[in-house]
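Visitor:
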Amino acid sequence: MDTVGSRRRLRGRAAVLAVVAVVALLASACGAGGRPSGEEGGAQPGLTPQSVKVGAHFPLTGVASPGYSDIPTGTKAYFDYVNAHGGVHGRQIEYVFRDDAYNPTQTSQVVNELVLQDQVFAMLGGLGTPTHSAVLDYLNSEGVPDLFVSSGSLLWDQPERNPQTFGWQPDYEIEAKIIGKYVAENFPQAKVGLFLQDDDLGRDAEIGGRRFLDRQIVAAERYTPGNTDVAPQIAALQAAGADFVIGFNVPSYTALSQLQSLRLNYDPQWAYSNIGSDPALVGSLLARFSEGAVTDAGLLDGVITTEYLPSVEAAGDPWTQLFTRVWQEHGTDAELTNFRIYGMAEAYAFVQALQAAGPDPTREGLVAAVEQSGAQMEGPWLAPYRYSEQSHAGISGVKISRIVGAGTEDLTPVQVTDNGDAPITPHPGPASTPPANGIPVPPTG
Amino acid sequence: MQQFLNVTLTGLSQGAIYAAFALALVLIWRSTRIVNFAQGSMGMFTTYLALIVIEGTGSYWLGLVVALGAGLLLGAAIERLIIRRVEGGPELSAIIVTLGLFVAIQALAAILFGATFRSFPAPFDLRGMMVGGVNVALTPFSVFVIGSVVLVMAALVALFRFTDVGLRMRAAAFDQEVSRLLGVPVGPLLTLGWALAAVVGSLAGLLIAGGSLVYPAYMDPIIVYGFVAAVLGGLDSPGGAVVGGLAMGLALSYVSGYVGSELVAMAALAILVAVLLVRPHGLFARTAARRV
Amino acid sequence: MAVPVRNSESDEAGRSVPPGRPRPLDVVRRWLPRSTFGRHALLVLVGAVAVVLVLETTSPFRNSQFATLSYYAIAAAGLTVLTGLNGQISLGHGALMAVGAYTTGLLLGSAGPPPLILVLVVAAAVTAVVGVVVGAAASRLHGPYLAGATLAFAIAVPGLAIYFDGVLGGEQGMQIDSPRAPAWFADAIYFLSANEMSGAKYLAYIGWATLLVVLLLLANLAAGRVGRVWRAVRDDEVAAELAGIRPGPVRVLAFTVSAACAGLAGAVLGIVVRLAAPSGFTIVLSLGLLTAVVVGGLGSLTGALLGAALLVFLPPAVTNLGTAAGLSGVAAAELAPLVYGVVLVLVVLLAPTGVVGGVRRMWQSIRNGAGRSGVGGNGRERS
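Residue numbers (UniProt numbering), protein chains in the order written: chain G, 1 to 445; chain L, 1 to 292; chain H, 1 to 383.
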């Protein structure tokens with residue numbers, strides 16, 4: 001600590017100050033001069049006279065990707081089909097989907113990229129409850145239309161809080177309500193067990209199911225997604241004496257629960273919600289055990305499920321025929337699956353919404369168009385949407401069916417309802433048929 | 001009562017799989033003092049190869065042979081080309097390299113084989129057996145699983161205890177320099193250790209897959225639980241690995257069945273920490289703690 | 001003080017420049033503050049100015065990427081100190097980040113949330129407490145045992161969020177209200193740059209301010225007595241013990257400091273992502289952090305920063321390359337983890353000191369060639 005040292009130190013401090021001052025000056029100079037010259041007023045992000053850009057996030061990698069990674073390929077195929085037929089109002093639909101690995105942190109990053117970098121006009125079909133929750137506030141605060149979220153959670157139906165966000169598929173609660181009522185009426189003596197995924201899927205479904213079945217439920221077992229050993233849950237259902245088990249789970253767990261019951265010689269009447277029943281997927285999973293006990297694909301035979309879209313096995317359905325044609329023309333070499341039909345149906349609905357928004361759509365206009373004309377949109381879905389200014393809830397009902405071989409047979413007509421204690425009523429009217437060219441007819445007037 | 005019995009039996013067959021995986025870890029630990037975090041990915045990869053063969057030929061057993069053979073080659077190649085360069089170096093390097101392999105192999109499998117669920121056949125009946133008029137959750141396939149694991153353990157114990165090669169492998173692992181001076185071909189023995197371990201790992205991958213679904217990440221939980229099982233028994237002890245594996249299978253099955261399946265991983269952690277705090281080198285470790 | 005350190009390059013604080021050997025750098029060095037803290041503070045100030053410059057001149061998307069970069073970098077800085085300086089590996093830092101993120105969510109979600117700075121401090125403190133517990137268990141473990149135990153920790157913690165779903169929101173997570181920029185801050189930035197404050201930019205400012213503070217504190221810690229003791233324990237536990245150091249508490253301290261950083265990182269993550277959910281804190285996150293510190297260069301804070309940048313900028317670049325090369329969306333998305341894994345292996349095999357180590361070696365060989373001895377202050381282990 002000699003004087004030379006402290007003098008040096010003082011000089012050092014002065015240097016620091018000088019450097020900081022100079023750089024700060026530079027910074028302010030740069031800042032004031034370097035500002036980009038603002039955006040032209042009125043221009044819509046992602047929209048040109050020739051194109052409209054649509055974004056989505058899906059799990060393309062990681063544990064959740066099997067099955068779900070098919071959905072965007074279906075959406076893309078249908079958009080390509082529409083583009084080949086001239087697009088919507090002369091605009092080609094540019095569809096950008098990015099991988100979030102079912103990780104909300106990554107969803108936040110890729111949606112930032114979609115909105116700020118790719119400048120999408122709207123989001124379509126972002127998949128997953130935890131993942132999409134992470135971007136819900138962001139999309140709404142940025143004013144990005146957030147159409148047709150691929151999840152049955154009730155979170156997407158909050159028009160006051162999230163005016164840009166719309167649900168799409170029947171939410172888990174109404175689906176469980178409709179199943180519950182069917183079981184209560186047709187199996188009044190059954191001891192019902194619930195096999196639930198331990199997240200919003202299982203929770204909402206339990207609320208809906210207990211509305212009609214509370215008295216009959218003898219056990220509710222929850223599994224954690226990712227833990228593939230469901231033996232303890234199945235054993236508990238068996239021990240509780242449940243002879244009618246309703247599963248609200250994803251498809252892989254349908255296969256796992258069936259295999260596990262086989263191991264336990266447990267043979268209740270099974271019902272699976274739509275999300276877990278995909279007969280094509282589960283059937284192909286189970287049919288492959290040819291050297292083991294599962295010698296026929298019939299393990300799922302007689303299982304009760306619900307449907308709200310035509311399935312890939314319904315070869316006679318005109319919608320399935322349309323989607324098969326679209327997939328042949330614009331899809332990949334892989335097979336058409338129910339996941340891809342799901343993606344195409346979302347794309348079909350989006351094309352309708354875009355048509356309804358008019359030749360010069362704006363983001364506000366697109367949201368308004370869904371609120372106003374969404375409930376009248378006709379398409380492959382079996383029951384109408386519940387869209388209005390007060391409701392952003394998706395498809396309003398399902399039909400109960402039974403799996404027979406590779407296909408299904410109807411047990412009830414399509415039934416519609418709403419959340420809470422809204423009554424369940426049959427949906428009137430004939431099923432819709434696709435227009436000849438496979439592209440929705442724009443609303444007139 | 002029946003629930004308890006069934007939870008116990010499924011826990012045992014699950015535990016046999018953890019044991020097989022733990023055996024593979026023990027084998028590599030004994031030969032190179034490395035914990036191979038890529039073991040699960042390697043087993044997953046060879047299981048996919050088996051699946052391709054089974055789908056092509058329809059023969060489970062041919063697939064099994066292919067998977068085990070591929071495991072042998074894969075283990076030897078990885079040791080010779082990659083691990084050799086970090087052996088004897090800082091512990092950290094080896095851990096990071098195997099973690100890197102774990103990530104890379106899994107991503108490669110997803111690119112090559114796709115990320116969808118695929119079902120994997122089992123060579124035996126998947127239906128639970130009837131014993132004295134009572135259904136028990138023990139299937140012919142789980143008997144096969146348990147039998148294979150016991151067989152592999154016995155073979156390994158015999159290898160290390162009664163054969164010349166086994167003795168040399170132990171020597172090479174214990175002190176490379178001294179072994180070299182004594183004329184033990186250390187390099188080839190280490191390669192052999194990895195190759196054998198990869199065969200056992202591939203077997204574990206096949207046994208887990210049998211009668212269930214495979215996707216590139218299907219071995220992830222097994223890596224953790226198998227590791228905990230190996231540590232429970234002491235990384236040096238094949239017998240300990242089997243006991244540890246069965247104990248893990250039972251404990252986790254009970255936790256999942258009676259407490260909640262979301263706490264299974266927490267239970268594994270609790271068991272691991274409890275054991276390590278009492279016996280930092282596992283329940284069955286015989287070697288004194290080595291100061292590194 | 002006189003701890004036997006194997007690579008004893010650390011003490012350069014009071015060294016005077018040998019007379020009569022003018023080197024080009026000496027001119028610069030004379031203008032720098034003499035104390036280590038002063039030099040670090042200067043660096044941080046320069047860094048702060050650079051941050052303002054960069055954030056004000058880049059697009060909102062880049063701003064959001066920088067916000068992401070900041071929380072990866074905070075966690076990586078904490079991890080690199082633990083692994084690089086103290087030799088403890090942790091695969092559980094993702095879980096520690098979860099602790100920080102959930103703490104932040106609970107605090108910001110409470111009625112009358114405390115000021116942001118307090119939230120960050122509490123998140124760091126809570127995680128530090130968890131760090132003490134984990135560290136105490138970890139201090140008795142070595143190498144693979146430690147790796148496995150922290151791996152189990154990483155897998156186990158997210159399950160707690162599902163078990164206590166009433167408080168923590170279960171699988172679908174806990175929404176976090178991210179704070180808005182206070183008026184004075186927006187005014188200050190407007191004054192400097194004539195730019196309006198956007199949400200993403202404010203979050204990036206929070207992240208980078210936190211990061212710079214963390215870097216300053218860690219750099220000083222690493223340069224001082226604590227850092228030397230950590231290195232001593234890392235290099236030779238027995239020798240350290242002979243020198244009167246008790247390795248146990250030293251390890252626990254290192255783990256605690258590192259955990260506090262992870263907690264801060266988690267807090268920033270929570271604010272930036274607006275959500276804390278179990279699926280955000282999988283083992284992938286922990287492995288990513290490890291990749292960052294290894295590739296950047298173990299023990300180097302600059303390396304941690306570079307590694308974190310890699311985590312943010314590499315995946316989109318690789319995915320786009322894959323798509324451009326004609327891969328399907330799914331295959332292209334898997335390219336990023338493949339590249340991570342391969343890079344991790346290659347770095348350990350070919351450049352064990354990471355990017356920073358490699359650059360430093362090059363720099364030293366250049367200097368040695370030009371002006372003989374390499375005794376200057378450049379052999380340090382940190383930036």
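Each residue gets a CB set at the ideal place from its N, CA and C atoms; glycine is no exception. Remember, it's a predicted structure, so these values are computed and weren't measured experimentally.
Ignore the nearest five residues each way along the sequence and tell me which others in SER179 of chain L's own chain have a CB closer than 6 Å to its CB.
Guide: Counting from one through the second sequence, the residue named residue 179 of chain L turns up at place 179. Only ALA171, ALA172 and VAL186 meet the Cβ criterion.
Visitor: According to the Cβ coordinates, are ASP99 of chain G and PRO59 of chain G closer than 8 Å?
Guide: Here residue 99 of chain G is taken as the residue at index 99 of the first sequence, counted from 1. Here residue 59 of chain G is taken as the residue at index 59 of the first sequence, counted from 1. Contact: yes.
Visitor: State yes or no: is the C-beta of VAL52 of chain G nearer than 7 Å to some heavy atom of the ligand GTP?
Guide: Inclusion of the ligand GTP in the displayed structure is not the case, the ligand content being empty and no account of it being possible.
Visitor: Tell me ARG222 of chain G's beta-bridge partners as DSSP assigns them.
Guide: Residue mapping note: residue 222 of chain G aligns to position 222 of the first sequence, counting from 1. For ARG222 of chain G, which the question treats as bridged, DSSP gives the partners G:LEU196.
Visitor: Near GLY245 of chain L, which residues of its chain fall below 6 Å by C-beta distance, leaving aside the five closest residues on each side in sequence?
Guide: Within the second sequence, residue 245 of chain L is the residue found at index 245, counting from 1. Cβ neighbours of GLY245 of chain L beyond the five flanking positions: GLY15, TYR18, ALA19, ALA22 and ALA229.
Visitor: To the nearest angstrom, how far is it from the Cα of residue 453 of chain H to the Cα of MET266 of chain L?
Guide: Absent from the structure is residue 453 of chain H, since the part of chain H shown begins at 1 and ends at 383.
Visitor: Compare the C-beta of GLY34 of chain G with all C-beta atoms of chain L and state if any pair is closer than 8 Å.
Guide: On the first sequence, residue 34 of chain G is found 34 positions in, with the first residue counted as 1. Residue placement at GLY34 of chain G cannot be trusted, given a pLDDT of 36 that sits under 50; what the coordinates show is reported in the next sentence. Answer no: the Cβ-Cβ gap between GLY34 of chain G and chain L never drops below 8 Å.
Visitor: Who are the neighbours of ARG85 of chain L on chain H, taking C-beta pairs under 7 Å?
Guide: As a position in the second sequence, residue 85 of chain L is number 85, starting the count at 1. Within 7 Å Cβ-Cβ: LEU349.
Visitor: Note down, in chain order, each residue of its chain lying with its Cβ closer than 7 Å to the Cβ of PHE153 of chain H, except the 5 sequence neighbours on either side.
Guide: Residue mapping note: residue 153 of chain H aligns to position 153 of the third sequence, counting from 1. Hits under 7 Å: GLY92, ALA95 and VAL134.
Visitor: Which residues in the same chain as GLU364 of chain G place their Cβ atom closer than 8 Å to its Cβ, once the five residues preceding and following it in sequence are excluded?
Guide: The count along the first sequence starts at 1 and reaches residue 364 of chain G at position 364. Hits under 8 Å: GLY143.
Visitor: Could you tell me whether the Cβ atoms of GLY152 of chain G and GLN169 of chain G are closer together than 8 Å?
Guide: The residue given as residue 152 of chain G occupies position 152 in the first sequence. The residue given as residue 169 of chain G occupies position 169 in the first sequence. In contact: GLY152 of chain G and GLN169 of chain G (Cβ atoms closer than 8 Å).
Visitor: I'd like to know whether the C-beta atoms of VAL345 of chain H and LEU101 of chain L end up nearer to each other than 8 Å.
Guide: By one-based count along the third sequence, residue 345 of chain H stands at place 345. By one-based count along the second sequence, residue 101 of chain L stands at place 101. Closer than 8 Å, so yes.
Visitor: Using CA coordinates, which residue listed in H:GLY227, H:ALA128, H:ARG62 and H:GLY224 is at the minimum distance from LEU116 of chain G?
Guide: If you number the first sequence from 1, residue 116 of chain G lands on position 116. When each option's Cα is compared against that of LEU116 of chain G, the closest is H:ARG62.
Visitor: Below 8 Å on the Cβ atoms is my guess for LEU252 of chain L versus ALA270 of chain L; work out the distance and round it to an integer in Å.
Guide: For this step, residue 252 of chain L is matched to residue 252 along the second sequence. For this step, residue 270 of chain L is matched to residue 270 along the second sequence. That belief does not hold up - the Cβ atoms of LEU252 of chain L and ALA270 of chain L are roughly 11 Å apart, past 8 Å.
Visitor: Going by DSSP in three states, LYS399 of chain G sits in which element: helix, strand or coil?
Guide: Within the first sequence, residue 399 of chain G is the residue found at index 399, counting from 1. LYS399 of chain G: strand per DSSP, three-state reduction.
Visitor: In whole angstroms, give me the CA-to-CA distance for THR73 of chain G and ASN265 of chain G.
Guide: Start at 1 with the first residue of the first sequence, and residue 73 of chain G comes out as number 73. Start at 1 with the first residue of the first sequence, and residue 265 of chain G comes out as number 265. C-alpha separation (whole angstroms): 39 Å.
Visitor: Is the Cβ-Cβ distance between THR68 of chain H and VAL312 of chain H less than 8 Å?
Guide: Counting from 1 along the third sequence, the entry for residue 68 of chain H is found at position 68. Counting from 1 along the third sequence, the entry for residue 312 of chain H is found at position 312. Closer than 8 Å, so yes.
Visitor: Please go through the same chain and pick out, in chain order, the residues whose beta-carbon is closer than 6 Å to the beta-carbon of LEU72 of chain L, but skip the five residues on each side of it.
Guide: Sequence index remark: in the second sequence, residue 72 of chain L carries index 72 (1-based). Excluding positions up to five away in sequence, the list reads ALA195 and VAL199.
Visitor: Find the residues of chain H that neighbour ALA134 of chain G, judging by a C-beta separation of less than 9 Å, and give them in chain order.
Guide: In the first sequence, residue 134 of chain G corresponds to position 134, counting from 1. Neighbours of ALA134 of chain G on chain H, chain order: GLY173, GLN175, VAL273, ARG274, LEU275, ALA277 and GLY280.
Visitor: If contact means a Cβ-Cβ distance below 8 Å, which residues of the stretch 95-110 of chain L contact chain H?
Guide: Listed in sequence order: ILE95, ILE96, VAL97, LEU99, GLY100, LEU101, PHE102, VAL103, ALA104, ILE105, GLN106, ALA107, LEU108 and ALA110.
Visitor: Using a 10 Å radius around the Cβ and a threshold of 16 neighbouring Cβ atoms, would you call LEU350 of chain H buried or exposed?
Guide: Counting from 1 along the third sequence, the entry for residue 350 of chain H is found at position 350. Burial call: exposed.
Visitor: Does the stretch 84-94 of chain L touch the stretch 312-331 of chain H, meaning 3 or more C-beta pairs lie closer than 8 Å?
Guide: No: the two stretches stay apart, fewer than three of their Cβ pairs being nearer than 8 Å.
Visitor: Is there a Cβ from chain L that is less than 8 Å from the Cβ of ARG246 of chain H?
Guide: The count along the third sequence starts at 1 and reaches residue 246 of chain H at position 246. Chain L contact via Cβ: absent.
Visitor: If you follow the alpha helix (DSSP H) that ALA38 of chain L is part of, which residue opens it and which one closes it?
Guide: The residue you call residue 38 of chain L lines up with position 38 of the second sequence. No alpha helix (DSSP H) contains ALA38 of chain L, which DSSP labels as neither H nor E.
Visitor: In this structure, does DSSP put GLU329 of chain G in helix, strand or coil?
Guide: As a working note, residue 329 of chain G is residue 329 in the first sequence. In the structure shown, GLU329 of chain G sits in a helix (DSSP, three-state: H, G or I).
Visitor: Using the Cβ count rule (16 or more neighbours within 10 Å means buried), how would you classify TYR72 of chain H?
Guide: The residue given as residue 72 of chain H occupies position 72 in the third sequence. The residue is buried, with at least 16 neighbouring Cβ atoms inside 10 Å.
Visitor: Does GLU334 of chain H come within less than 8 Å of chain G when only Cβ atoms are used?
Guide: The residue labelled residue 334 of chain H in the question sits at position 334 within the third sequence. Chain G contact via Cβ: present.
Visitor: By Cβ distance below 8 Å, which residues in the same chain neighbour ASP165 of chain H in space, the five residues on each side in sequence not counted?
Guide: Looking up residue 165 of chain H in the third sequence gives position 165. Around ASP165 of chain H: GLU171.
Visitor: Strictly below 9 Å CB to CB, what residues from chain L border residue 447 of chain G?
Guide: Residue 447 of chain G falls outside the range modelled here, since chain G spans only 1 to 445, and no answer is possible.
Visitor: Count the other CB atoms within 10 Å of the CB of GLN390 of chain G; is the residue buried (16 or more) or exposed (fewer)?
Guide: One-based indexing of the first sequence puts residue 390 of chain G at position 390. Exposed, by the Cβ-count rule.
Visitor: Quick one: measure Cβ to Cβ for VAL294 of chain H and GLY357 of chain H, integer angstroms, because I've assumed they're closer than 8 Å.
Guide: As a working mapping, residue 294 of chain H is identified with position 294 in the third sequence. As a working mapping, residue 357 of chain H is identified with position 357 in the third sequence. Actually they are not in contact, since the Cβ atoms of VAL294 of chain H and GLY357 of chain H sit about 11 Å apart, beyond 8 Å.
Visitor: Against ASP199 of chain G, what residues of chain H qualify as contacts under a CB-to-CB distance less than 9 Å, listed in chain order?
Guide: Walking along the first sequence from the start, residue 199 of chain G turns up at place 199. Neighbours of ASP199 of chain G on chain H, chain order: ILE162, ASP165, GLY170, GLU171 and GLN172.
Visitor: Between ASP333 of chain G and chain L, is there a C-beta pair that is closer than 8 Å?
Guide: The residue you call residue 333 of chain G lines up with position 333 of the first sequence. No, because no Cβ of chain L sits closer than 8 Å to the Cβ of ASP333 of chain G.
Visitor: Residues of chain H with a CB under 8 Å from the CB of GLY260 of chain L: which are they?
Guide: Taking the second sequence and counting its residues from 1, the one referred to as residue 260 of chain L is at position 260. Under the 8 Å cutoff, chain H gives TYR163.
Visitor: Could you list which residues in chain H have their beta carbon closer than 7 Å to that of GLU55 of chain L, in chain order?
Guide: Your numbering for residue 55 of chain L matches position 55 in the second sequence. Per Cβ cutoff of 7 Å: no residues; GLU55 of chain L is ~20 Å from chain H at best.
Visitor: When you compare the stretch 109-129 of chain L with the stretch 74-82 of chain L, are there three or more beta-carbon pairs, one atom per stretch, that lie closer than 8 Å?
Guide: They do not touch, by the three-pair rule.
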